[in-house]
Amino acid sequence: MSAWRAVVLLSLAASCNQANECSYSDLLEHLKLSSYNEYLANVRPVKDWRQVTDVKINMVLYGIFQVDEKLQTFTSHVSINTVWENDFLRWKPSDFCNITEFTFPSSKLWTPDINIQEDASDTGSIHKSEHVSVFATGMIHKTAHQRLTSTCTLNLWNFPFDQQSCNITFSSMISDGRAIRVRALAGDELVTNISEQFMVTRGEWSLKHLEITHKTEERFNWSSLVYQVRIVRKPMLYVINFIIPLFYLLMLDVASFFIGEARGEKLSFKITVLLSISVLLLILKDLLPSTEDRLPIIANFCVGVFGLVGLSVLEAMLVSFLIDLDDKFPKKSTRVSNREVPSEKQEKKDPVKEKAEGLPIQPGPPSQREQLRLVLQEVLVAQREVASAANAPRPKRFRRVAEIIDLIFFIFYFVTVVIFLAVSYHIWIPPDFYS
Ligand SMILES: *[C@@H]1O[C@H](CO)[C@@H](O)[C@H](O)[C@H]1NC(C)=O
8 MSAWRAVVLL SLAASCNQAN ECSYSDLLEH LKLSSYNEYL ANVRPVKDWR QVTDVKINMV
68 LYGIFQVDEK LQTFTSHVSI NTVWENDFLR WKPSDFCNIT EFTFPSSKLW TPDINIQEDA
128 SDTGSIHKSE HVSVFATGMI HKTAHQRLTS TCTLNLWNFP FDQQSCNITF SSMISDGRAI
188 RVRALAGDEL VTNISEQFMV TRGEWSLKHL EITHKTEERF NWSSLVYQVR IVRKPMLYVI
248 NFIIPLFYLL MLDVASFFIG EARGEKLSFK ITVLLSISVL LLILKDLLPS TEDRLPIIAN
308 FCVGVFGLVG LSVLEAMLVS FLIDLDDKFP KKSTRVSNRE VPSEKQEKKD PVKEKAEGLP
368 IQPGPPSQRE QLRLVLQEVL VAQREVASAA NAPRPKRFRR VAEIIDLIFF IFYFVTVVIF
428 LAVSYHIWIP PDFYS
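This is the structure in structure tokens:
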């Protein structure tokens with residue numbers, strides 16, 4: 008009798024099940040998930056241990072926050088989707104009112120321990136979903152958002168015109184390629200396009216390309232997935248803030264050669280230019296790390312400009328010194344200089360000539376007084392010429408030397424500046440920068 012009752016109850020229960028199979032609890036019952044299932048929570052869900060679990064990953068870049076040149080880190084905002092297969096969680100949707108998916112606490116299911124090798128962010132910045140989505144085909148889907156700070160070796164050789172390439176490598180922490188194989192869910196082009204569409208913050212960078220490569224280490228059969236993020240800096244602010252002022256100061260220094268005689272002013276002007284450049288050098292120090300092995304071009308450029316201006320200050324000092332040397336050895340400087348003599352002579356001659364022309368033409372010898380005066384004049388002029396020829400070149404000798412040095416230096420300086428600027432431009436801006 009009791010056996011009969013049991014059979015009736017069971018069939019009743021079965022018919023009840025039939026009616027209620029639209030609820031999630033029936034599905035969980037069917038999948039043996041209604042209570043904590045130790046095997047499903049702890050062990051890799053494969054029917055044969057030799058079967059490899061393919062973990063497919065898709066990373067979308069939502070923003071580029073910062074690239075820290077000093078710390079050599081790349082901070083971005085990423086969304087990471089992970090998909091893998093669970094052999095034990097499959098059902099026919101038609102049996103359960105077409106339920107094709109449900110969400111489930113991720114702590115109660117096995118999840119692959121994928122991490123990012125370059126990750127250097129603090130753990131508070133990771134927002135993992137507490138749940139995973141389970142699909143009828145056995146696929147499980149997990150998603151996470153993260154402010155990711157990854158280490159990245161930055162190449163600052165052509166600094167404001169630089170491109171950086173940062174790797175984000177996904178791999179399992181403890182399982183090798185026999186247990187977990189990491190694969191990409193989508194191709195390079197698709198991920199690049201999606202990232203470009205959804206990217207909100209970029210800062211001073213723009214995304215150039217995302218490249219995805221699989222890597223399997225030979226020796227340990229370790230599987231990893233590398234996202235290579237290529238970004239290009241927008242250099243305009245640095246150009247306006249730094250390079251143009253530097254260039255302008257160099258031009259000012261070249262132009263200062265045309266400041267005429269005021270030697271003291273010329274010198275102080277040049278020193279002001281030199282000081283302004285050293286202020287810019289201080290700014291540069293805050294921008295870049297001191298990598299001793301290979302100084303960035305911008306640092307070489309600054310040092311070059313500083314050196315050129317410094318050289319021209321020294322030259323201005325030398326010229327000033329040489330000119331002052333003339334004043335230190337004044338030899339009869341009160342005498343009339345060489346050049347003034349002919350003009351004086353002309354001035355004195357002219358009235359005489361005018362007089363002679365103004366007079367009515369008188370044939371016959373000129374008066375004796377007139378002749379005497381002319382002779383006297385000639386004698387005086389000859390005497391002066393002799394005296395000035397002996398004295399005049401002495402006081403002006405150093406000035407002449409200084410002028411020649413100044414001219415030669417200016418030509419040399421100008422040519423050097425032009426070559427320096429041309430070479431800097433040539434090696435600084437990479438040929439594919441504007442493409
Ligand atoms: C980044 O990944 C690419 C592709 O795997 C590799 O060629 C390159 O050496 C990696 N760069 C660094 C800095 O690890």
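For the sequence shown, position 102 matches number 109 in my numbering, and the numbering has no gaps at all.
Where a beta carbon is used, it is the ideal one built from N, C-alpha and C, also for glycine.
On a predicted model such as this, the values are computed, not experimentally measured, just so you know.
Report yes if the CB atom of residue 235 is closer than 7 Å to the CB atom of residue 172, and no otherwise. The sequence position of residue 235 within the sequence shown is 228, counting from 1. The sequence position of residue 172 within the sequence shown is 165, counting from 1. It is a contact, given that the beta carbons lie within the stated cut-off.
Which class does residue 435 belong to by DSSP, given the choice of helix, strand or coil? Here residue 435 corresponds to residue number 428 of the sequence shown, with the count starting at 1. In the three-state reduction of the DSSP assignment, residue 435 falls in the helix class, which pools H, G and I.
Buried or exposed (CB count within 10 angstroms, at least 16 for buried), residue 56: Within the sequence shown, residue 56 is the residue found at index 49, counting from 1. Residue 56 should be labelled exposed.
Under 6 Å, CB to nearest heavy atom of ligand 1: contacting residues: Residues close to ligand 1 by the beta carbon criterion (under 6 Å to any non-hydrogen atom) are, from first to last along the chain, 160, 174, 220, 222, 233 and 235.
Going by C-alpha distance, which of 191, 71 and 403 is nearest residue 241? As a working note, residue 241 is residue 234 in the sequence shown. Closest option to residue 241, Cα to Cα, is 71.
Quick one: is residue 160 buried, meaning 16 or more other Cβ sit within 10 Å of its Cβ, or exposed? The residue labelled residue 160 in the question sits at position 153 within the sequence shown. Within 10 angstroms of the beta-carbon of residue 160 lie fewer than 16 other beta-carbons, which makes it exposed.
Ignore the nearest five residues each way along the sequence and tell me which others in residue 190's own chain have a CB closer than 6 Å to its CB. In the sequence shown, residue 190 corresponds to position 183, counting from 1. Beyond the five residues adjoining it in sequence on each side, residue 190 comes within less than 6 Å, by CB distance, of 61 and 63 in the same chain, given in chain order.
Take residue 92 as the anchor and find which of 220, 145 and 133 has the nearest alpha-carbon. As a working mapping, residue 92 is identified with position 85 in the sequence shown. For residue 92, the nearest C-alpha among the options comes from 145.
Rounded straight-line distance, which links the Cα of residue 154 to that of residue 130: Locating residue 130 in the sequence shown gives position 123, counting from the first residue. Locating residue 154 in the sequence shown gives position 147, counting from the first residue. Between residue 130 and residue 154, the alpha-carbon positions lie close to 10 Å from each other.
Count the other C-beta atoms from every protein chain shown that fall within 10 angstroms of the C-beta of residue 385, then say buried if there are 16 or more, exposed otherwise. Here residue 385 corresponds to residue number 378 of the sequence shown, with the count starting at 1. Exposed: under 16 other Cβ atoms inside 10 Å.
Reducing DSSP to helix, strand and coil, say where residue 395 ends up. The residue labelled residue 395 in the question sits at position 388 within the sequence shown. Three-state result, residue 395: helix.
Compute the Euclidean distance between the alpha carbons of residue 434 and residue 311, then round it to the nearest angstrom. Along the sequence shown, one-based indexing puts residue 434 at 427. Along the sequence shown, one-based indexing puts residue 311 at 304. If I take the Cα positions, the gap works out to 14 Å.
CA-to-CA distance, residue 166 to residue 208, given in whole angstroms: Counting from 1 along the sequence shown, the entry for residue 208 is found at position 201. Counting from 1 along the sequence shown, the entry for residue 166 is found at position 159. Going by the C-alpha atoms only, they are around 22 Å apart.
For residue 65, is the classification buried or exposed, using 16 other Cβ atoms within 10 angstroms of its Cβ as the cut-off for buried? Residue 65 sits at position 58 when you count from the first residue of the sequence shown. Residue 65 is buried by the Cβ-count criterion.
Where does residue 344 fall in DSSP's three states? As a working mapping, residue 344 is identified with position 337 in the sequence shown. Note on residue 344: pLDDT 45, under 50, position unreliable in the model; no value is reported.
Using 8 Å for Cβ pairs, my map puts residue 86 next to residue 150. What's the rounded Cβ distance? Counting from one through the sequence shown, the residue named residue 86 turns up at place 79. Counting from one through the sequence shown, the residue named residue 150 turns up at place 143. With a Cβ gap of about 7 Å, residue 86 and residue 150 count as contacting.
Which residue from 48, 201, 176 and 212 puts its Cα closest to that of residue 73? Residue numbering aside, residue 73 sits at position 66 when the sequence shown is read from its first letter. Per the Cα distances, 212.
Using a Cβ-Cβ cut-off of 7 Å, state whether residue 418 counts as contacting chain D. Looking at the structure shown, chain D is missing, and only one protein chain is on hand.
Simplified DSSP state of residue 193, which is helix, strand or coil: Position 186 of the sequence shown holds residue 193. In the three-state scheme derived from DSSP, where H, G and I count as helix and E and B as strand, residue 193 is classed as coil.
Sort out for me which residues DSSP pairs residue 277 with in a bridge. By 1-based counting over the sequence shown, the position of residue 277 is 270. Paired residues: none, contrary to the question.
Provide the residue(s) that pair with residue 165 in DSSP beta bridges, ordered along the chain. As a first step, residue 165 must be located in the sequence shown, where it is residue number 158. According to DSSP, residue 165 bridges with nothing at all.
In terms of residue numbering, what span does the alpha helix (DSSP H) encompassing residue 323 cover? For the purposes of this step, residue 323 is taken as the residue at position 316 of the sequence shown. Per DSSP, the continuous alpha helix (DSSP H) segment holding residue 323 begins and ends at 304-335.
Run through DSSP, which three-state label would residue 48 get? Taking the sequence shown and counting its residues from 1, one reaches residue 48 at position 41. For residue 48, the three-state secondary structure derived from DSSP is helix.
Limits of the unbroken beta strand (DSSP E) element including residue 217: For the purposes of this step, residue 217 is taken as residue 210 along the sequence shown, with counting starting at 1. Segment 212-223, the beta strand (DSSP E) holding residue 217.
From this set, 229, 148, 185 and 273, which residue's C-alpha is nearest residue 176's C-alpha? Working through the sequence shown from its first residue, we reach residue 176 at position 169. Nearest option by C-alpha distance: 229.
Give a yes or no on whether the C-beta atoms belonging to residue 127 and residue 100 are separated by under 7 Å. If you number the sequence shown from 1, residue 127 lands on position 120. If you number the sequence shown from 1, residue 100 lands on position 93. No, the pair does not count as a contact, with Cβ atoms beyond the cut-off.
On the DSSP letters alone, give me the boundaries of the beta strand (DSSP E) that residue 233 sits inside. Along the sequence shown, one-based indexing puts residue 233 at 226. For residue 233, the enclosing beta strand (DSSP E) has its first and last residue at 230-240.
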